[in-house]
Amino acid sequence: MTEELIRVHTRGRVGVITLDRPRQLNALNDALMDQLGAALLAFDADAGIGAIVIAGSAKAFAAGADIEAMAGWSFMDVYQGGFITRNWETIRRVRKPVLAAVAGYAMGGGCELALACDVIVAAESAKFALPEVKLAMLPGAGGTQRLPRAIGKAKAMDMCLSGRMLDAGEADRYGLVSRVVPDAELMDSALALAEQIAAFSLPALMAIKAAVNRAWESPLSEGILFERHALYERFASADAHEGMHAFLGKRAPDFHHR
Ligand code: CAA
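Following the numbering used here, the numbering of the sequence shown begins with 1395 at its first residue and continues without gaps.
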């Protein structure tokens, strides 16, 4: 029987995925990443879902890739086997907003998983580090690329080369996280934010996510062009007309996500 390493539920238009490998502090092994990827794609395909939250435990969002599993692997095991590529990057295929609700350790691959999300809501206990250098490894699930884009080269180099751990306050000041909230309020805050987002028009959310991501991946002129077409496409959306007419009519919009 397959061990369940995540828990999945929905709340209204929000899909919630909780990493559930507590004895290993949610260390990310293949089985967990397969289950996470499948749950993300299922929510992405579900018309009743507008936003997704990934959470961990109070002690750890995730303590990184599973070191016990990796310790026995050879170069060809990971090269031919497509380690990371085979199941960690599924999250890049998700077109709906994904929020990370982070308490405790977000280390190595756990920090990289949070960085791959669109919004990070951090509890005051959250701790972020890319400590792979201590293992003579390197952050290999996007950390060397997403962290400098998020917080700049100086801070990212410091974290990657020294393994320095940031507390939630530092992560907030550096722009690594979106918001910091008290631990007791983490899930309520993350879910309230996700519900607020999910109530907006889904095609608008998907277009906004794609456009903001394009800012990371293209020169400014190409990004502006992408944004302009995304704006033009809004005028083909019934929801956009509803949103503008609702504003003019001083009433709440009634979005149908089309
Ligand atoms: N992989 C496998 N097991 C892990 C793990 C990991 N990344 N992190 C923690 N665990 C296990 C521990 O081995 C321990 O298991 P046992 O009880 O069987 O001994 C259990 O989880 C609890 O951990 P600790 O006893 O170490 O708990 P702690 O509270 O003393 O320390 C911690 C917590 C600081 C997070 C510490 O566990 C730690 O440093 N973990 C490793 C963090 C790390 O190096 N992450 C990077 C991994 S490499 C990577 O992610 C590569 C990549 O880019 C893809």
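Ideal Cβ placement from N, Cα and C applies to all residues, glycine included.
This structure is a prediction, so every number in the text was calculated from the model and none was measured.
Cβ separation of residue i and residue j, assumed to be a contact under 8 Å, to the nearest whole Å
i       : j       : result
Ala1449 : Val1410 : 7 Å
Met1501 : Gly1458 : 5 Å
Ala1640 : Arg1407 : Actually they do not touch by this definition, with Cβ atoms about 19 Å apart.
Leu1422 : Asp1460 : 6 Å
Tyr1568 : Leu1560 : 7 Å
Nearest candidate by alpha-carbon position, reference residue i, set the options
i       : options                            : result
Ala1495 : Val1447, Glu1483, Ala1586          : Val1447
Glu1506 : Met1531, Ala1523, Trp1610, Asn1420 : Ala1523
Leu1585 : Asp1428, Pro1416, Ile1443, Arg1489 : Ile1443
Pro1597 : Ala1465, Lys1490, Asp1471, Leu1434 : Lys1490
Asp1633 : Pro1533, Ile1461, Gly1431, Pro1647 : Pro1647
Ala1630 : Ala1601, Glu1616, Phe1641          : Ala1601
Val1571 : Ile1514, Ala1604, His1623, His1651 : Ile1514
Ala1535 : His1651, Met1638, Pro1416, Arg1480 : Arg1480
Ala1441 : Arg1415, Val1575, Ser1595, Pro1576 : Ser1595
Enclosing beta strand (DSSP E) for residue i [first to last residue]
i       : result
Ala1456 : 1454-1456
His1403 : 1400-1405
Met1501 : 1499-1501
Gly1409 : 1408-1413
Ile1448 : 1445-1449
Ile1514 : 1513-1517
Ala1494 : 1492-1496
Neighbour flag for residue i against chain C, beta carbons, 9 Å
i       : result
Tyr1626 : Included in the structure is just one protein chain, with no chain C present.
Continuous alpha helix (DSSP H) stretch holding residue i: start and end
i       : result
Thr1479 : Neither: Thr1479 is in no alpha helix (DSSP H) and is coded neither H nor E.
Val1606 : 1596-1611
Met1638 : 1632-1642
Ala1588 : 1580-1592
Leu1435 : 1424-1439
Phe1629 : No alpha helix (DSSP H) holds Phe1629; DSSP gives it neither H nor E.
Ala1565 : 1562-1568
Lys1549 : 1547-1556
*asked:* For the pair the segment 1581-1600 and the segment 1490-1510, tell me if three or more CB-CB distances fall below 8 Å.
replied: yes
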